[in-house]
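Residue 236 in this note's numbering sits at position 216 of the sequence shown; the count goes up by one each step and never skips.
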Amino acid sequence: MDYKILTYKNKRYITVPKIEDLGLRHVFTTIDMDVGMKTNKSIEDIKNNISLVYKLLEIRPEILYNGYQSHTKNIEIIKDTYQGKESPFGRYFPNTDGLITDKKDIALITRFADCTPILLYDHFKNVQANIHSGWRGTLQKIGANGIDLMKNEYNCDPKDILVVLGPSIEKDDFEVDLDVKELFEDKFNYKDIIFKKENAKFLIDLKTINKRTLIEKGIKEENIIDINLSTFSNSALLHSYRRDKEKYGLMGLITCL
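See the structure below:
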């Protein structure tokens, strides 16, 4: 298994030892905490949850950067500690679904509840990207956009970039109507990503789409680590928007060089 589930202060987290050993401190939080500004009405509770993650990772970042996620392919490059706008937890960028930096002691967070969190890490250039890829972001190839920015801004070689695809809704649980199915058919020439159900609905394999999009950008298949846990099916471990509806919470991918 490429990932492990660990417990700290009675909270469970998911981490990838290989990425940790190469220098990128990170965790995927679980259902044991809610780090979402849209879902957790207590700013103080969110701050306490993030502080707990810092203690687990043994980090004291100067700033935490967020994106106000809106299912785009927009990614911001962070070069200092005063970009963006102030938030109760650090700083944020409006209309942004991905963050990239090579700066130490700057923490990044994206939030998810069924969408795919994508971690990109070039340990040779010491550059990280923390990306939120919902089905709309997947359709717009936000992961590929992250690779392009790492190449163009930091001269990263895609063959050196390691990828972690975090817990997300898996194929058997992601049911859509004809209109969404047709969007994916128009965008991708993959024959094995859409499956018809007997109820006139369709299943779409977002994880496979993200993998192939990244491989087409030069990522080595063996450098992609898939945390193969469906948010929808693992109700004891993970939040899910589709499963929990209005009672859903948000998990976070928190990363720091």
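Quick reminder that beta carbons are idealized off the backbone N, C-alpha and C, glycines included.
Asked                                                                                                                                                            : Found
Between the alpha carbons of Lys231 and Ile244, how many angstroms are there, rounded?                                                                           : 8 Å
From the DSSP output, which residues share a beta bridge with Ile98?                                                                                             : Thr121
Given 8 Å as the limit, is there contact between the segment 117-136 and the segment 180-188, that is, 3 or more CB pairs closer than that?                      : yes
How would you call Glu96, buried or exposed, if buried means at least 16 neighbouring beta carbons within 10 angstroms?                                          : buried
By the DSSP assignment, the alpha helix (DSSP H) with Asp168 in it spans what residues?                                                                          : Ile162 to Tyr174
Determine the extent of the alpha helix (DSSP H) in which Ile39 is found, giving its start and end residues.                                                     : Pro37 to Asp41
In three-state terms, what does DSSP make of Val200?                                                                                                             : helix
Quick one: Cα of Ser168 to Cα of Phe215, how far?                                                                                                                : Checking the sequence shown, residue 168 turns out to be Asp, not Ser. In a straight line, the C-alpha of Asp168 is about 30 Å away from that of Phe215.
Short of 6 Å in beta carbon distance, which residues of its chain neighbour Lys221, apart from the five on each side in sequence? Order them along the chain.    : Glu195
Just to confirm before moving on: does the CB-CB distance between Gly118 and Ile151 stay below 7 Å?                                                              : yes
Return the Cβ separation of Asp193 and Ser107 in integer angstroms, given the expectation that the two are a contact with Cβ distance under 8 Å.                 : With a Cβ gap of about 32 Å, Asp193 and Ser107 do not count as contacting.
Take every Cβ of the segment 155-175, pair it with every Cβ of the segment 84-101, and state whether three or more of those distances are shorter than 8 Å.      : yes
Along the alpha helix (DSSP H) that carries Lys231, what are the first and last residues, could you check?                                                       : Leu226 to Glu236
Here's a check: name, in chain order, each residue in its chain whose Cβ is nearer than 6 Å to the Cβ of Asp125, leaving out the five neighbours to either side. : Pro81 and Glu82
Does any heavy atom of the ligand GDP sit closer than 6 Å to the C-beta of Ser255?                                                                               : As for the ligand GDP, it is missing from this structure, which has no ligand bound.
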